[in-house]
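Residue numbering for the first sequence follows the numbering used here, starting at 6 and increasing by one per position. In this text, a Cβ means the ideal position worked out from N, Cα and C, and glycines have one as well. This one's a predicted model, so the numbers in the text were calculated from it and none came from an experiment. Take a look at the structure below.
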Amino acid sequence: MSEEKKDELKPSVSFIEQFIIDDLKDGKNNGRIHTRFPPEPNGYLHIGHAKAICLDFGMAEKHGGKCNLRFDDTNPVKEDVEYIDSIKEDIHWLGFGWDDREFYASDYFGKLFEFAIDLIKRGLAYVDDQPADVISSQKGTPSQPGTMSPFRSRSAAESLDLFYRMNEGEFEEGSHVLRAKIDMASPNMHMRDPIIYRILKTPHHRTGDTWKVYPMYDFAHGQSDYFEGITYSLCTLEFEVHRPLYDWLVDQLKTSDYRPRQIEFNRLNLTYTMMSKRKLLELVQEKKVSGWDDPRMPTLCGLRRRGYTPESIRRFIDLIGYTKVEAINDVSLLEYAIREDLNLRSPRVFGVLDPLKVVITNYPADKVEEMEIINNPEDESKGTRKVPFCNEVFIERDDFMEDPPHKFFRLAPGTEVRLKGAYIVKCESFRKNESTGIIEEVYCTYDPATRSGSGSEKKVKGTLHWVSARHAIDAEVRLYDRLFDHEDPAGQKDDDYRNFLNPGSLKVLTGCKLEPSLKTAKKLEKFQFQRLGYFCVDYDSTEAHPVFNRTVSLKDTWAKVNK
RNA sequence: UGUCCCGUAGUGUAAUUGGCAACACGUCUGAUUCUGGAUCAGAAGAGUUCAGGUUCGAGCCCUGACGGGACAACCA
Numbered sequence: 006m007s008e009e010k011k012d013e014l015k016p017s018v019s020f021i022e023q024f025i026i027d028d029l030k031d032g033k034n035n036g037r038i039h040t041r042f043p044p045e046p047n048g049y050l051h052i053g054h055a056k057a058i059c060l061d062f063g064m065a066e067k068h069g070g071k072c073n074l075r076f077d078d079t080n081p082v083k084e085d086v087e088y089i090d091s092i093k094e095d096i097h098w099l100g101f102g103w104d105d106r107e108f109y110a111s112d113y114f115g116k117l118f119e120f121a122i123d124l125i126k127r128g129l130a131y132v133d134d135q136p137a138d139v140i141s142s143q144k145g146t147p148s149q150p151g152t153m154s155p156f157r158s159r160s161a162a163e164s165l166d167l168f169y170r171m172n173e174g175e176f177e178e179g180s181h182v183l184r185a186k187i188d189m190a191s192p193n194m195h196m197r198d199p200i201i202y203r204i205l206k207t208p209h210h211r212t213g214d215t216w217k218v219y220p221m222y223d224f225a226h227g228q229s230d231y232f233e234g235i236t237y238s239l240c241t242l243e244f245e246v247h248r249p250l251y252d253w254l255v256d257q258l259k260t261s262d263y264r265p266r267q268i269e270f271n272r273l274n275l276t277y278t279m280m281s282k283r284k285l286l287e288l289v290q291e292k293k294v295s296g297w298d299d300p301r302m303p304t305l306c307g308l309r310r311r312g313y314t315p316e317s318i319r320r321f322i323d324l325i326g327y328t329k330v331e332a333i334n335d336v337s338l339l340e341y342a343i344r345e346d347l348n349l350r351s352p353r354v355f356g357v358l359d360p361l362k363v364v365i366t367n368y369p370a371d372k373v374e375e376m377e378i379i380n381n382p383e384d385e386s387k388g389t390r391k392v393p394f395c396n397e398v399f400i401e402r403d404d405f406m407e408d409p410p411h412k413f414f415r416l417a418p419g420t421e422v423r424l425k426g427a428y429i430v431k432c433e434s435f436r437k438n439e440s441t442g443i444i445e446e447v448y449c450t451y452d453p454a455t456r457s458g459s460g461s462e463k464k465v466k467g468t469l470h471w472v473s474a475r476h477a478i479d480a481e482v483r484l485y486d487r488l489f490d491h492e493d494p495a496g497q498k499d500d501d502y503r504n505f506l507n508p509g510s511l512k513v514l515t516g517c518k519l520e521p522s523l524k525t526a527k528k529l530e531k532f533q534f535q536r537l538g539y540f541c542v543d544y545d546s547t548e549a550h551p552v553f554n555r556t557v558s559l560k561d562t563w564a565k566v567n568k
């Protein structure tokens, strides 16, 4: 496509960005834009969170605003400091920062408590002494109105006294709750006198045992937004029905024209995986994966360990967009994003996963040549390196066939291929173990006139990667595939997602042969193993025992043709 | 028998105040290539869930169906 035509394409913005642009134009909030990213510290961030992060931080960045990091830590039972550092690390890794604006909903427990007291005094909240199941049954159903609690009409003074005593620790968990007095007949369930405070005696990871009552999400989120001067509170679609309650609470709180606006967008769904933090935690606890950072997990730390770059994830998020349509995105688009990124940046190296020895019978046994190999054909500035070559090399086992099919451009009896960066060789014979049928060695002759870079005109159809048998280093290579073999493992009503775990999602290969330059590769360093795919150094890797993870394979049209 | 949200190529998104349905991925050709990768050139694929209405003109506005989703945690 020409530059001109590219320029003609109008930059399209999401419906949310359009709201922001319009507000800015109207001078709303004095042209101020302030968002927040509000994770609950009860698990690791996954790629779905990345979608929210890119929007929250991205919109602020793009339009000259700010984005706060705010931990939504209103439930000490589920939350833990363990998660806080990892969440911060992952956001930084993606390339976003929040300066000194690191906040916690628990920072506002005092103000929230005061606000609750204010509501009680104004007759807009009351303490309910009924147990959970009774309160629940009085809520009615989505199609039937609820009925009022007998405690709804009790005096403000009595509620106030009870609420204070709830926080003193005088009552057991579950014995009393504070409810907003709104409308038990509302068609919106969330408006039927929602519970706004409950008694919890588990110590909080930040406030210890200062509090015995904790605000519910709905009573903390909008108010926290308000306290921080947030202008756009962006969240996923399932909070749409909460918006009237969000607005109702802000209405009771606000003292000026300013108010934060909640806007909902579609959450990210990816094929062959799931985003439920609860279920991902189960996978970890049940040891179905090695941990939160297992390279098969959709977590950011998992993707990082798998070899994904933050740029590729941001590019992916950019490609899928933000709408109100509940969609399921194809993982192949994520794979496209990482291939596109790594194709440009990663050095090419030789690695043989399933080695088959080739002996070059007319090459002197005591000779070693240092072949000069281009590091990255996409980037000349990356230069070249020397790779040793001798009379014994390993090639990929499936690059040789005794009896090849049509259009097999690789090695077979009597055929010629180029060993990339070295010579053209011809297969003269091979040795096969007749009882097992396994090919043990292949014998070739090379043509000295075809050395790469010598200007040889000779062309062959196939080019193979190879590693000198005498110089290769041994490595473990972990081949990863999708964790589930069902497109939507968690969405099957009658089937547990565990039934769709892909038994072939991890294949561990040992005795792989890599070119010697890889010996000094650093953790997470990324390479293209020529003709195979993109790989990175795993955390488990040591110089004595290198371990590589396959991030994603190269596109393989030959494999497709053979299906 | 509720309320709210959403229906545009296989998938994900576009389409300024109504004006020839566009882009990306995927798919398929061909060229090129010392990676069966990459790159380049090209093709196929929806007439916008359906039915009415308003209009010179509707993917966009209105009405009604149909389909999908959310909502009845002392979770977020």
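Beta carbon of residue i nearer than 7 Å to that of residue j
i	j	result
Asp77	Ala110	yes
Leu74	Glu107	yes
Phe489	Asn507	yes
Ser351	Lys527	no
Phe232	Ile204	no
Thr278	Pro303	yes
Tyr539	Pro300	no
His226	Phe355	no
Val363	Ile378	no
Lys512	Phe399	no
Lys126	Ala161	yes
Asp346	Glu316	yes
Asp123	His181	no
Span of the alpha helix (DSSP H), counted from its first residue to its last, around residue i
i	result
Tyr88	87-99
Leu60	52-67
Arg350	336-350
His39	Unbroken run through His39 is the beta strand (DSSP E), 39-42; no alpha helix (DSSP H).
Pro315	315-325
Leu308	305-311
Coil, strand or helix - residue i by DSSP
i	result
Asn438	strand
Thr562	helix
Asp112	helix
Asp138	helix
Phe413	coil
Val294	coil
Pro521	helix
Glu8	Confidence in Glu8 is poor, its pLDDT being 34 and thus under 50, which makes the residue's placement too unreliable to answer from.
Arg203	strand
Val18	coil
Lys30	helix
Arg353	strand
Val289	helix
Ile379	strand
Arg555	strand
Lys126	helix
Lys284	helix
Glu107	strand
Ile25	helix
Glu374	strand
Glu433	strand
Residue environment, residue i, which counts as buried when at least 16 other CB atoms sit within 10 Å
i	result
Ile429	buried
Thr547	exposed
Trp297	buried
Lys259	exposed
Tyr88	buried
Ser337	exposed
Asn34	buried
Tyr544	exposed
For residue i, the first and last residue of its enclosing beta strand (DSSP E)
i	result
Arg390	389-394
Asn73	71-76
Gln533	531-534
Ala538	Looking at the sequence itself, residue 538 is Gly, so the reference to Ala does not match. Run containing Gly538: 538-542, per the beta strand (DSSP E) assignment.
Asp133	130-133
Asn423	The identity of residue 423 in the sequence shown is Arg, whereas the question assumes Asn. Segment 421-424, the beta strand (DSSP E) holding Arg423.
Ile365	360-365
Ile1	Residue 1 cannot be examined here, being either before or after the span of the chain that is shown, 6 to 568.
Which runs of the alpha helix (DSSP H), 4 residues or longer, sit entirely within the stretch 143-195?
-> 161-173
Secondary structure, beta strand (DSSP E): runs of 3+ residues fully inside the stretch 446-517 | 478-485
Residue ranges of each beta strand (DSSP E) run of no fewer than 3 residues wholly in the stretch 214-269, ordered along the chain?
-> 218-220, 237-241
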